[in-house]
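For reference, the structure discussed in these notes is given below.
2 protein chains.
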Amino acid sequence: MSKLIKRTLVLGFILSAIAFSASAEDGSRLWLRFNKTTTDANLFSSIVTSTKSLPYKEFQSAWTELKGKELASITIVENGSLLIGTAKDKQIRNLGLQKELVALGNEGYMIKSVSVNGKKATVVASLTDKGLLYGVFHLLRIVQMNEFSDQLNIKEKPSYALRILNHWDNLDGTVERGYSGHSIWNWEELPAVLSPRYQEYARANASIGINATVLNNVNASPKILSDEYLQKVKAIAGVLRPYNMRVFLSINFSSPKELGGLPTSDPLDVKVQQWWKDKANEIYKLIPDFGGFLVKANSEGLPGPMDYGRTHVDGANMLADALKPHGGIVMWRAFVYEPGDDRAKLAYKEFINFDGKFKDNVMIQVKNGPIDFQPREPFSPLFGAMKKTPLMPELQITQEYLGHSNHLVFLSPMWEEFLKADTYCKGQGTTIAKVTDGRVFGNKLSAIAGVANIGKDVNWTGHHFAQANWYAFGRLAWNNQMTSEQIADEWIKMTFTSPLEVGTPVATNSMSTVDFQLSIKNMMLASHQTAVDYMMPLGLHHIFAWTHHYGPEPWCDVAGARPDWLPKYYHNADAKGVGFDRTTSGSNAVGQYASPLKEQFNDPATCPDAYILWFHHLAWDYKMKSGRTLWDEMCYTYDKGVNDVRGFQKIWDKAEPFIDAQRFAEVQSKLRIQARDAVWWKDACLLYFQTFSKRPIPYDIERPVHNLEDLKKIKLNMGHHN
Amino acid sequence: MSKLIKRTLVLGFILSAIAFSASAEDGSRLWLRFNKTTTDANLFSSIVTSTKSLPYKEFQSAWTELKGKELASITIVENGSLLIGTAKDKQIRNLGLQKELVALGNEGYMIKSVSVNGKKATVVASLTDKGLLYGVFHLLRIVQMNEFSDQLNIKEKPSYALRILNHWDNLDGTVERGYSGHSIWNWEELPAVLSPRYQEYARANASIGINATVLNNVNASPKILSDEYLQKVKAIAGVLRPYNMRVFLSINFSSPKELGGLPTSDPLDVKVQQWWKDKANEIYKLIPDFGGFLVKANSEGLPGPMDYGRTHVDGANMLADALKPHGGIVMWRAFVYEPGDDRAKLAYKEFINFDGKFKDNVMIQVKNGPIDFQPREPFSPLFGAMKKTPLMPELQITQEYLGHSNHLVFLSPMWEEFLKADTYCKGQGTTIAKVTDGRVFGNKLSAIAGVANIGKDVNWTGHHFAQANWYAFGRLAWNNQMTSEQIADEWIKMTFTSPLEVGTPVATNSMSTVDFQLSIKNMMLASHQTAVDYMMPLGLHHIFAWTHHYGPEPWCDVAGARPDWLPKYYHNADAKGVGFDRTTSGSNAVGQYASPLKEQFNDPATCPDAYILWFHHLAWDYKMKSGRTLWDEMCYTYDKGVNDVRGFQKIWDKAEPFIDAQRFAEVQSKLRIQARDAVWWKDACLLYFQTFSKRPIPYDIERPVHNLEDLKKIKLNMGHHN
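In order, the protein sequence lines correspond to chains A and B. Per the working numbering, residue 102 is the first one in the first sequence, and the count goes up by one each step. Per the working numbering, residue 102 is the first one in the second sequence, and the count goes up by one each step.
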């Protein structure tokens, strides 16, 4: 057979194989794929368990997908048996693991290779069914990743007690900053109709350790607390409960007035306090394990205690009192920025003096950066500074500022950078992770929140790779010491299984499965920096288009708009240079950080390039660490961003034989958009800043393909709700 | 002074210099720039002449622009004198040049360094004022190019007797395939108002040797021959005459019927013949030097002799008889292609048997290629094959198929390739140039036509660089042995003079004026191949969008359309391969070429890659001369086209210090469009052909950034009239 004919046959085989699996691969199964061909390994001979609870069912369901039938249940351990159970189950008790299990807590678990009466077996055990569920999903992940062995010795417990999604979902079905279809909550048909998606949602979250969710937008309608809606909430809670997910609600601080008909919502008003207590009682009667309230108050026009001359402490504590008897908590957001001082300083200024004044069931929810989910921010200086108040990080999974669901941006590296950032609040090594999970301050409440990117789209998240951000949030919330590389590795192996489905993968480009996984992983790990590079490198921030935050609009000027909603407020470009002077000679935002960070940030020579224009207004000719001028560095960085996206396209196209046709084509199409958008960003920002710098774009860089005047005319018809 | 400050000052100087000259540099002056700073050389001390005719006036006008005042006129030659005159002028007669001047003919001239009574002088002389005008413009070009010396010895006479523009201008002011505004002819206000542009037009044409023009579209309205319109034509002729430009008209073959009220336009009908004779008499009474008729007959729906069962010979000869007494000629177009056989063969099939049957004042006007002004075509096989009939090449200056006035495409290399193509009609070396200019067949009539790209735009041609195509047509018509490099060199030095205007050029990028001119020249010389590469390389042709011919539409299918108006007719892409089989096993279009060309074209191994898909339908895996498969070669070639345009952008941007701000920005903007369009072409063609080839685009090539389905939706709102 000639080489030519051989290649043609191989190609034909790939094409027909892809065609075969195409219809099934719409992304709806997320990372929970237990295809028959996931593994050929001889894993378990039988299952030994005295429980038929959800963890067992999940295991058998996956096993059935894998092997075509359930794993045979027996009572006496044999070689290859799988033992599943909680500490109270007999076969687990007999193993003498009680003490270890207690140490792992209600949600922790162990997966261990054991010998029972001379028979080699594997045990998955936990103190409770909660931990067992997580243990089973961990075991299944091991199977999916082909990493099963008879040498397992895994003990896990979560970094944060509360691992919670924030849905910015409105009661009318729209989602603020949602890019994957409308809200998954069908409020209209609830509580009568329970979409099967609710359970799939709960299962997906459980598989990655997420144990709570805020159902509605922080820009909350008072209506969510009405009797009618609480019935709907109860119905959802009922579906989520078996998967160890508790329900929380965002509340509107004016609810007593708006919903209760009181003349005020003053938190020091006794009737208001009583109204909240009554409301809490009502909620807990319906939902005994209700989690509590998330509150956005006196922020971006929303009502709050300051409307009545009270403080955030007054407001939060009042709600805390109402929830306390039921074990509920208040998550009070620190996202406040009334015009005045440098916006980056405002949350700190507002909250630092309240440290220690909140009730013990109040947490302050703080966005990772001091502004607002920009492509890259230094961490909020509140972390480490508020020592007596449990702070919970708020991360944004939905890509409001990172290309919506069009751009492939794996957010894990950004979150990892944040969690590993050293606050120096108690000396070196007091990272955000340790500051927030209890290791530094010993706080009993610990939590981390992620603004969900989930919608009604078949693939849940709009972009297939945006699933990885949901996945990564869950994994980091479970274990804030994980690396992004580990997370990407897991997600890729679990999510792109189709070559195994269709037999040995055949690469026209002689790529192996390992090469494929590695190239996709490298792409994911690079993708956040790439987006920063083509959007706003070197600490630039908030130069997005008005309202929808999709494309570039560094020139944006809206008559009558708040200055701190306009890009110029942030970039300050002028003939001399660009950037926000937050040094001691400027707004002194650096002063909110602990030493030696404040000194490091204060000096452009020691300030990391990644944040340099965040903290400094530098001359166009400022000599960067690379030896280039600031202007040239900016040009080369934007250009690198463009070329890196083009590199992603190459990686993806080359991976075609390893991906089912549908997901391949959909991601390919999104990458094409991203490549065009990257050029758009580069051209818009360089041509705009060039009107100040008056310097040529270095001549070895690919030239702009747009005219600034044309780019200024682009007005996308997008709102900030989908 | 530090390096930094120095650079800043230099930059400031450039910017203010550019600002100073900005308003004047709108491109309206074409290549006729005699700026005060064009040259510092000490050229002439005085002028000696006995004529005050137009050539003298043109010289003094340019000299005044150059030096601020006229050159002093004296009667006795002194050192540095310039002598200007015709053979009958005394001071020229005295030089004894009579015999040489006679040999150069009425339009020829000499420019010579001479010694008169021991005084060194320069003489510009000709037999007539016609030649003298061309001589003066040549002298001025030497001045503009800074190439004056005291060793001049130039003798020139034109390659073609008739060097003619074809305006496809309609009487309603629109221009077919016009991309530089509406027609320069203001028919409405003629003959009362004579736009100053008519004279500027005549002068520009005279400066490059063009001596005739067809005022109206070949798709001609009978109205052009009405009494009313002939008065308008007379008025234009009056303006053009001093510049040695004769006027021709396109006529509608049905004019006797449509305009004259006859029942027929049958060329053998005596009344019809008489009508044309009367019409000719009428025209010549108004315009004694009227040139004759251009005729598109029985082509694309236009009337012609075949409507009456007559032939092209009958039609052409009838008109020739009417014009003969006045010295007029008929230019009969061979652009005919009634459906049936391979379109590329039809003109040849129709006309070859008429060879020798036309009257001696008939020329057959043949487009350079056998189809229709495609980005690249092999030459029409009629050239060399019709041995007894004078053929005149029709070139298209307006960029119907080459990016309109958005793409920088210097057409001279395409025309040079055509003119230097060997027909082998009388053995090796019988090039098109020699076949058409009389050197091979000794024909007395010789002519070359160019479809004009001129419109009402301030810069005449829409794109500043499209002026170079007008310029190149004129220069090649004058001297069909010129190289494109010579032509580009002249045009650049004459057209981009602003750095000299503002003093010594200062390059922030340390580029010298010579480097600048060289880089622009290289860009121009590469630009045609580049356009071919990103539009339709390897002999692909006619895969343009329907009607407007701007963008790619290889998939184009219009219900009920003539098959030979659809791209599929030409590319024939299928699962096996792509291309038009015109070999002996196919349509046998190769059979219309002389040996050894027909054999060379017939065999893909010897057929030049540039024409390979013109003549062959080749398998996607066909091994090209490069060693690549056809599919890969196609991919790399499209990609090269894109990258080359990006290279043009770099060249242009780098040239910024040498160009006035207005033309710099306008060309920069057009290049950006071209860069986007190149990507559009590449993506559209590769993604479309990939649906047949089923092969991956080689992975080291930049990936498409569009989806085929989106590209298919693009419908530009363009007609084929502006």
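Backbone N, C-alpha and C fix where the C-beta goes; we use that ideal spot for every residue, glycine too.
Residues of its chain near residue i, where Cβ-Cβ distance is below 6 Å and the 5 sequence neighbours each way are ignored
i        : result
A/TRP782 : TYR635, MET636 and PRO653
A/ARG134 : THR598
B/LYS335 : LEU387 and ILE388
A/ASN418 : LYS460
B/TRP516 : LEU496 and LEU577
A/TRP579 : PRO259 and GLY310
CA-to-CA distance, residue j to residue i, given in whole angstroms
i        : j        : result
B/GLU700 : B/LYS200 : 48 Å
B/LEU241 : B/PHE160 : 7 Å
B/GLN693 : B/ALA448 : 11 Å
A/LEU198 : A/SER620 : 41 Å
A/LEU809 : A/GLU803 : 16 Å
B/GLY279 : B/HIS650 : 12 Å
A/GLY543 : A/LYS489 : 10 Å
B/GLU171 : B/ASN454 : 59 Å
B/PRO343 : B/PHE617 : 37 Å
B/GLY410 : B/SER400 : 15 Å
B/THR499 : B/ILE555 : 8 Å
B/LYS669 : B/LEU641 : 11 Å
A/ALA589 : A/ALA573 : 8 Å
Close Cβ partners of residue i (< 8 Å) along its chain, the five nearest in sequence each way excluded
i        : result
B/LEU787 : MET735, CYS736, TYR739, ILE798 and PRO805
A/GLY820 : THR648 and HIS649
A/LEU155 : ASP230, LEU234, PRO343 and TYR344
Helix, strand or coil at residue i [DSSP, three-state]
i        : result
A/TYR220 : Checking the sequence, you will find Lys at residue 220 of chain A rather than Tyr. Correct three-state label for A/LYS220: strand.
B/GLN466 : strand
A/THR532 : strand
A/SER296 : coil
A/SER327 : coil
B/ASN823 : coil
B/ASN267 : strand
B/SER351 : strand
A/SER620 : helix
A/GLN500 : coil
A/THR314 : strand
A/PHE519 : helix
B/GLY236 : helix
A/GLU257 : strand
A/GLU201 : helix
B/MET493 : strand
A/MET595 : helix
A/PHE436 : coil
Contacting residues, own chain, Cβ-Cβ under 7 Å from residue i (five flanking each side not counted)
i        : result
B/LEU522 : Inspection of the sequence shows that residue 522 of chain B is occupied by Ala rather than by Leu. Excluding residues within five positions, the ones whose Cβ falls inside 7 Å are PHE480, THR532 and ILE533.
B/ALA676 : PHE793
A/ASP538 : SER260, TYR261, SER547 and ASN581
A/ARG747 : ALA776
Ranges of the beta strand (DSSP E) found wholly within the region 371-434 of chain A, counting only runs of at least 3: 393-396 and 430-434
Scan the region 142-191 of chain A and note each continuous beta strand (DSSP E) run of 3 residues or more that stays entirely inside, going in chain order. 147-150 and 182-187
Output the residue ranges of the alpha helix (DSSP H) runs that lie fully inside the region 541-585 of chain A and measure 4 residues or longer, sorted by chain position. 568-579
Unbroken stretches of the alpha helix (DSSP H), 4 residues or longer, contained in the region 714-798 of chain A: Fully enclosed alpha helix (DSSP H) runs of 4 or longer: 731-755 and 762-794.
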